[in-house]
Amino acid sequence: MCYKIAISLASFIEAEIACSSNRDETGRYRSQLMWTRKREHYEFVQRVLVEKVGESEFWVGLDDLAGLGEFETSTGGEFVNRSDPIWAILNAGQGDCAKIPGPNGGFLTTDVCSKPLAYVCQQRPLYESPDNHCPDGFFSYKSSCLLPVREEMEFNQAQIHCGLHGSSLYASKSLADFQFIKQYARNHKPTCAPGYDLLGHVTDGRTCYKVTNTTILGTFDEDVCNAQYDESRWLGTPDTKLYTEEVIGLMR
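Using the working numbering, the letters of the sequence shown map in sequence onto residues 26 to 277.
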């Protein structure tokens, strides 16, 4: 495996985004936040990190942001439960993202996902078979291929546009997915239309709509909507919005 050490600190999700966007020049290999079960790899990278950046703690591509009670890898599709021997100790209430080192020089432990830490991206070496099966322009996130579209469209138009590309309109499947794409939008703020709320909460001042996929689940007055804001769903008025295309199944 090849590793690339970042020289700046970032939250867990920002680190995931940076690594996912950091593909090789050919686009044939995926880049993801570092994840392996090989302790010696972490120890080697940690020594280099201390020498080059002066940091000993760094994020590992493992999180329970979805709140499922088990940790999913940044590469997607692999889960680690809380009793796995890979953990040095799990600090209850101390966050849902994995880092190294664990307490007293142990293995992995958890921390608050918003904490700025060093991070390391990983990619297969060029002598191995390519593993990036996403179409040109899409980037990989776990088991999906995503393409943020910079043009605003109405919902039905966006569905048609995605269909013409052989993709589908992206809908967050979990809180982890939602937080990832929300942070991606924040990081690309200059491409967003003026007045668009990057938290996904848009209201016309009288009503707001809770929307999941194609179904408007209800209409609430603004105060109630604010009180019941649920980050696992996008909130917004049914007008033009920026959107994201998704191709699924290609990474499996």
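All C-beta atoms in this analysis are idealised placements derived from N, C-alpha and C, irrespective of residue type, glycine included.
Alpha-carbon to alpha-carbon, residue j and residue i
i	j	result
C27	F104	22 Å
I32	E82	13 Å
H186	S154	32 Å
Q71	K77	10 Å
T237	K167	Its pLDDT being 29, under 50, T237 is placed unreliably by the model, and the measurement read from it follows with that caveat. Each residue's Cα considered, the two are about 21 Å apart.
A113	C146	22 Å
K235	L200	Only weak support is given to the placement of K235: the predicted model assigns it a pLDDT of 32, under 50, and the question is left unresolved by the model.
L74	T134	18 Å
G94	A123	14 Å
Y67	A35	18 Å
Q119	G162	37 Å
A40	N106	22 Å
Q159	V174	The question names Gln, yet the displayed sequence has Cys at residue 159. For C159 and V174, the distance between alpha carbons rounds to 16 Å.
G191	C170	12 Å
K29	F96	23 Å
G86	N157	18 Å
A91	G188	28 Å
Q182	D109	46 Å
Y152	F180	43 Å
M284	I206	Residue 284 cannot be examined here, being either before or after the span of the chain that is shown, 26 to 277.
M59	K140	17 Å
Q148	T100	11 Å
F132	F69	13 Å
G230	G102	For G230, the predicted structure reports a pLDDT of 35, less than 50, and the residue's modelled location is therefore unreliable. The matter cannot be settled from this model.
Option nearest residue i by Cα separation, candidates the options
i	options	result
G79	L151, Y54, L142	L142
I111	L194, R62, F37, E41	R62
T98	K207, Y209, D202, V75	D202
F37	I30, M59, W84	W84
P126	E65, Y209, I206, F205	E65
C138	S108, G101, Q204	Q204
Counterpart residues of residue i in DSSP-defined beta bridges
i	result
T134	K124
C146	K29, L58
D109	Partner(s): none; D109 has no beta bridge.
L87	T98
F104	E97
A201	In DSSP, A201 forms no bridge with anything.
A35	L142
Which of helix, strand or coil DSSP assigns to residue i
i	result
I185	helix
V78	coil
Y152	coil
S45	helix
L194	strand
E256	Residue confidence for E256 is low, a pLDDT of 35 falling below 50, so the modelled location carries little weight and cannot support an answer.
Expected contact under 8 Å - CB spacing of residue i and residue j to nearest Å
i	j	result
R53	S165	Actually they do not touch by this definition, with Cβ atoms about 12 Å apart.
Q57	S45	7 Å
L194	Q184	5 Å
D121	D89	4 Å
Y144	I42	Wrong, their Cβ atoms sit about 11 Å apart, outside the cutoff.
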